[in-house]
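Per the numbering used here, the very first residue in the sequence shown carries number 9; after that it's consecutive. Ideal Cβ placement from N, Cα and C applies to all residues, glycine included.
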Amino acid sequence: MVVRNLQTKKDDIVNITPEIKAIVAESGVQEGIVVVHISHTTAALLCTSHWDVKGHIEIMQELDRLVPTRVNMLHQDSPSDASGHVKSAIVGVSVTVPISGGEMVLSHSQGIFFAEFDGPRHRSYDVKVIDC
């Protein structure tokens, strides 16, 4: 397993696709899967379009609409931390992508993104390439 670190901003979406593509290429696996996972409870992983940053803004705005940051949450940490836990649970903490011909099977517009709901923070993600 390969571990990569990153620094996030407040409410941030970071494209981690290039790093994952490099890890897949370095693995030499031609047919298999790549699993990306985070061990954080106020962040998530997304597989979405990389074409327009406005789409990322809309994702964060819609998550804020669904789970607003508010002071009356039961969780006893900060309001952004509390809503971040809920957003992470809704979106998810792992992405699995098939590998064929040594490359991830993604459309021309898809990418893998790290979503931060309680930043800024030092974060990490784990990448496991599995030969099938």
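Can you name, in chain order, every residue of its own chain whose Cβ lies under 8 Å from the Cβ of R131, other than the five neighbours on each side?
Taken in chain order, the residues that qualify are N13, L14, Q15, T16, I46, H48, A51, F122, E124.
Apart from the five residues just before and just after T104, which ones in its own chain have a Cβ nearer than 6 Å to its Cβ?
Closer than 6 Å at the Cβ level, and outside the excluded window around T104, lie I41, V43.
Have a look at I107, Q118, D85, I120 and flag the residue whose alpha-carbon is nearest the alpha-carbon of H36.
This sequence places Gly at residue 36; His is not what is there. Among I107, Q118, D85, I120, the Cα nearest to that of G36 is on I107.
Nearest to E66 by alpha carbon, out of V137, D20, I138, K29?
Closest by alpha carbon: D20.
What does DSSP give as the partner residue(s) for S102 in the beta ladder?
S102 is bridged by DSSP to H45.
Between which two residues does the beta strand (DSSP E) holding H130 run?
Where H130 is concerned, the enclosing beta strand (DSSP E) stretches over 130-139.
Anyone know if the C-beta pair for T77 and S57 falls short of 7 Å?
Their beta carbons are not under 7 Å apart, which means T77 does not touch S57 by this criterion.
V11 to A30 span [Cα, whole Å]:
Answer to the nearest angstrom: the Cα atoms are 13 Å apart.
Apply the 10 Å Cβ neighbour rule to K95 and answer buried if 16 or more other Cβ atoms are within range, or exposed otherwise.
Answer is buried; the Cβ neighbour count reaches 16.
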